[in-house]
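Data block below; observations after.
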Amino acid sequence: MTDTTTTPPVVTAALARVDETHYRGTDKRAVRQTTPASVIERHLPLLDIQEGMRVLEIGTGSGYSTALLAELTGPHGTVVSVDVEADLIIRATELHRQAGYTTITSLAGDGYQGAPGQAPFDRLIAWTTPPHLPTAWVEQVRPGGIILAPLVCAPIAYSTAMARITVANDHTPGSITLSRGQYVPMTTPALDRSRYATVSRIIDGERSPSYISAPWITATDDQDLAETVFTRMLHAPHTEPVDVGWPEIEHFKLWAIAHKPAGLTMAHRGKETMVGITTPDHAGFAALFPEPRLIADSATSPPLEHVRDLIQEWKEHGRPTIDTLGVHATPIDQGWALTLAPAPRSVA
């Protein structure tokens, strides 16, 4: 599904039937953990939900998305929603009761473990990002069923994409396609999740920390080098425009990650998230949002030239989108890790 795909009528009808204000309040901020309706609208069609299906939702939030799932599955379907925060479950349960939904079961628990007592399911949707694809999720979905979840695609920060996974007959990941999407990291007591940040700290009272995520620096175990590159990123003075807007530049980011260029670095400073190249002596980035632009320690920075070349190569390849990338699921402890490949996916 591209960023411009028309919403299917069945999803449009469900959106019309659910009172968003009932779940989110008039300011749409009744709970902190909430996903914009426009994002939900973009992702729900990827599940291809049919009436009568059993759906598992990971991340209840306000309960709004749960109600939409109940509308899509109809009076003979079942929706089970799991959230690690018991207060959200209590709140959502009461709101569902007030709205007249009788096919929803809301459970407080670790979403990483799914809902083993309620399986099997036809569909699973996650609104929060696990460190990898959990074994429990794949085991609890029927063969031929679909999992839609934000998954980390590389050992570097901000490498998440929405993965649509068809479960194979042997309860392993079958076909996988990717689309644009980012959700908050999952809170789970099951494991200690690495954020892949090489250096991270709050700067000048900012609400979110600035960071660099650079596997090449992490591999050196050189904290002085890490601090030097981090400081260079924070104070990079050179900026210039780039003729790639949002959200198209998000597709460039995943394309660049798939190509694994030397010095690949993700970074965040202030309100800007960036992908780029760093070396011991220089830094150059493409800022993704809120305003796409190029940022570097100087106009003649070699990493900046490398970033310019990557953008030009991406353009020459037709500005490929996330769904054209190769993606592989590799078995690891407790699940599967996704990795990206630059070549287009082979079509059977």
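Note that the working numbering gives residue 128 to position 15 of the sequence shown, counting from 1, and the numbers run on in steps of one. Where is the CB? At the ideal position from N, CA and C, for every residue including glycine.
The beta carbons of W449 and P268 sit no closer together than 8 Å.
In this structure A369 is in contact with L423, their Cβ atoms being roughly 6 Å apart against a cut-off of 8 Å. The shortest C-alpha to C-alpha distance from T134 to any of V355, K366, Q425 and P149 is the one to P149. The residues Q226 and G227, in chain order, have a CB closer than 6 Å to that of A249 in the same chain once the five nearest residues on each side in sequence are set aside. For E170, the uninterrupted beta strand (DSSP E) run begins and ends at R167 to I171, by DSSP. In the three-state reduction of the DSSP assignment, Y309 falls in the coil class. Only buried fits V254, as 16 or more other CB atoms lie within 10 angstroms of its CB.
Around the Cβ of I445, a 10 Å sphere holds fewer than 16 other Cβ atoms; the residue is exposed. In this structure, the alpha-carbon of P328 lies about 15 Å from that of M387.
Cβ-Cβ separation between A349 and A409: approximately 6 Å, consistent with a contact (criterion under 8 Å). Comparing alpha-carbon positions, the option among L338, T333, P256 and G397 lying closest to T352 turns out to be G397. Under the Cβ criterion (8 Å, minimum of three pairs), the stretch 237-248 counts as touching the stretch 154-169. By the neighbour-count definition (other C-beta atoms within 10 Å, threshold 16), G389 is a buried residue. Just so you know, the alpha carbons of I316 and S323 end up roughly 7 Å apart. It is roughly 49 Å from the alpha-carbon of E340 to the alpha-carbon of V131. Annotated three-state conformation of V254 is strand, per DSSP.
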